[in-house]
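Participant: Before I ask anything, here is the structure I am working with.
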Amino acid sequence: MTEGIGRRNRRCGWTKGALTVISVASLIGSGAMSVPRARVFALPVVIVSLVAGLVGCGPSPAEGPPDATLYDHDAAAEPERLSQSGLYANTAAGVLADGVELYAPRFELWSDGADKRRWIAVPDGERIDNADADGWVFPEGTRLWKEFSSGGVKLETRLLYKQGPDPGDWYMMSYVWNDDESDADAAPDGAEAVRGTEHAVPSQEDCVDCHEPTHDGALGFSPIQLDRDPAEADGELTLDDLRARGVLRYGTGTDGYPNYPLPGSASEQDVLGYLHGNCAGCHNPGSDVLGGVDTRPLFHIPTDEEARASVDSLPAYESTLGVRTTETRGATYHIDPGNPGDSAVYERMSTRDSDLAMPPLATDVVDEDATAAVRAWIESLEAPGDGDADGAGADGNQ
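For any residue, its number in the numbering used here is found by taking its place in the sequence shown, counting from 1, and adding 5.
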């Protein structure tokens, strides 16, 4: 791209070449104290071309000084503090760095009701390879952040930083905010009861467990998640924005919103979107923990309007409806049409038992609204006409 995604965030003058980073905000996080190199295969945290310093960037005394460590390349490689990650020009004042952009996924990952904000930064002049709608490939130097807060109190910010060209070159870390919220410290081992709340911070190893099964590390920054009506986006990046700004290497599904229209009724779209946002990170053909279930709700949608209106042929349907599984709390099918109690998907969503809960990480509270919606959806499904619950899916031990 040319000017980069977030020039409107410029708050002061930069010397030429000082920071050639553009951003496109995202979810997730990272940032670390010194961590063994063997662990840095998962998600990066650095800044891409850092050359000079600041010129005429003087925040008011009330805001405090800018982050002096922002241009420390060695510190940025494995930041011990969030202020070294490139998210903020002034962490204490909450002033974003030049090129960092806010975004929000259409279908959020459940995080026990925590409030979240996400940002992304893509190196200036670089583009996201979107040839495969199922798996975008991000350029080296891409950084994504996700902030968790509760009641206006900042809890943690996670960072993903792509330090090389390959999918395994991401560095990731979570940062826990200090009490005066002037900065946040890396927590490679995770943390419990952060800032007097019940919020738990995942370890760096937990981050790897969630992000490694994906196509290229990042979650929540994808066509379906960004395919939102620009008129309803509150200053957040949309798929149309990325296309208009030249951030994507190739075109998108259609000329304007919606680029990838979801099939089915509004309630079906909500359920499929929830499964995509909460399950498809692991349950997809590119993951070794697929388990026979593919919860992608679309992509490669038929261009024929009638075919597109049907959800029956989507992966999320074909891999779950009427497909047998090992017994899960009495359920013997992934989804038994008309019968939530015999549907493992519903039963796993309804518990936080460590051996059964889905998602298996980063949640201690059942999403009651989502489970109610999935229950209603399963109850609305009609059993196969021949009365054989095995349907189109093959039996399996998933």
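Every residue, glycine too, gets a C-beta built ideally from N, C-alpha and C.
As the structure is a prediction and not an experimental result, all values here were calculated from the model.
#1: Find the nearest neighbour of Ala129 within the set Gly278, Thr330, Glu384 and Val105, judged by alpha-carbon distance.
#2: Got a sec, what are the start and stop residues for the alpha helix (DSSP H) Glu323 sits in?
#3: With DSSP run on the structure shown, which of helix, strand or coil describes Val100?
#4: Determine, using beta carbons only, whether Pro172 and Gly222 come nearer to each other than 8 angstroms.
#5: Cα-Cα, which of Pro290, Ala321 and Thr243 is closest to Asp275?
#6: Could you tell me which of Leu386, Pro364, Ser355 and Ala367 sits nearest to Asp374, measuring between CA atoms?
#7: If we count Cβ pairs, one from each stretch, closer than 8 angstroms, do we get three or more for the region 240–255 versus the region 209–216?
#8: Take Pro228 as the anchor and find which of Gly140, Asp120, Leu101 and Ala336 has the nearest alpha-carbon.
#9: Thinking just about the alpha-carbon of each residue, which of Pro268, Ser359, Gly346 and Ser90 is nearest to the one in Ser318?
#10: Using beta-carbon positions only, say whether Asp211 and Leu366 come within less than 8 angstroms of one another.
#11: Quick one, which of Asp137, Ala98, Val127 and Gly343 has its alpha-carbon nearest Thr147's?
#12: Is it buried or exposed, Asp232, if we count other Cβ atoms within 10 angstroms and call 16 or more buried?
#13: Where do the N-terminal and C-terminal ends of the alpha helix (DSSP H) with Pro228 fall, by residue?
#14: If you measure between the beta carbons of Arg357 and Val371, is that distance less than 8 angstroms?
#15: Between the region 85–100 and the region 110–122, can you find at least three pairs of beta-carbon atoms closer than 8 angstroms?
#16: Between the alpha carbons of Val199 and Leu101, how many angstroms are there, rounded?
#17: According to DSSP, is Tyr279 part of a helix, a strand, or is it coil?
#18: Sort Leu247, Ser187, Glu273 and Pro364 by Cα distance to Tyr108 and report the nearest one.
#19: In this structure, how does DSSP classify Ser154 when only helix, strand and coil are distinguished?
#20: Residues in its own chain within less than 8 angstroms of Leu361 by CB, not counting five upstream and five downstream?
#21: Can you give the Cα-Cα distance for Val316 and Phe153, rounded to whole angstroms?
#22: Check whether the Cβ atoms of Trp150 and Glu273 lie closer than 8 angstroms to each other.
#23: Opposite Thr333 in the DSSP bridges: which residues?
#24: So, helix, strand or coil for Val404, using DSSP?
#25: So, is Ser28 buried or exposed, given that buried needs 16 or more other C-beta atoms within 10 angstroms?
#26: Using the Cα positions of Ile133 and Ser385, report the straight-line distance between them to the nearest angstrom.
#27: Considering only the beta carbon of each residue, do Asp245 and Gly261 sit closer than 8 angstroms?
#28: Do the CB positions of Gly327 and Pro345 come within less than 8 angstroms of each other?
#29: Would you call the CB atoms of Gly1 and Pro110 closer than 8 angstroms?
#30: Of the residues Gln230, Gly156, Cys284 and Arg163, which one's Cα is nearest the Cα of Pro266?
#31: For Gly282, is the classification buried or exposed, using 16 other Cβ atoms within 10 angstroms of its Cβ as the cut-off for buried?
#32: Can you name, in chain order, every residue of its own chain whose Cβ lies under 7 angstroms from the Cβ of Asp234, other than the five neighbours on each side?
#33: Considering only the alpha carbon of each residue, which of Asp185, Val181 and Glu145 lies closest to Tyr166?
#34: In its own chain, which residues sit with a C-beta less than 6 angstroms from the C-beta of Glu186, not counting the 5 before and 5 after it?
Facilitator: Taking the coordinates as given:
#1: According to the sequence displayed, residue 129 carries Asp and not Ala. Minimum Cα distance to Asp129 is reached at Val105.
#2: Pro320 to Glu323
#3: strand
#4: yes
#5: Ala321
#6: Ser355
#7: no
#8: Gly140
#9: Pro268
#10: yes
#11: Val127
#12: buried
#13: Pro228 to Leu231
#14: yes
#15: no
#16: 24 angstroms
#17: helix
#18: Leu247
#19: strand
#20: Thr333, Arg334, Glu352 and Arg353
#21: 34 angstroms
#22: no
#23: Ala336
#24: Since the first residue of the chain shown is 6 and the last is 403, residue 404 is not available in this structure.
#25: Low local confidence applies: a pLDDT of 35 at Ser28 is under 50, so the model's placement there is unreliable, and no value is given.
#26: 39 angstroms
#27: yes
#28: no
#29: Because the chain spans 6 through 403 in this model, residue 1 falls outside it and cannot be assessed.
#30: Gln230
#31: buried
#32: Tyr262
#33: Glu145
#34: Lys159
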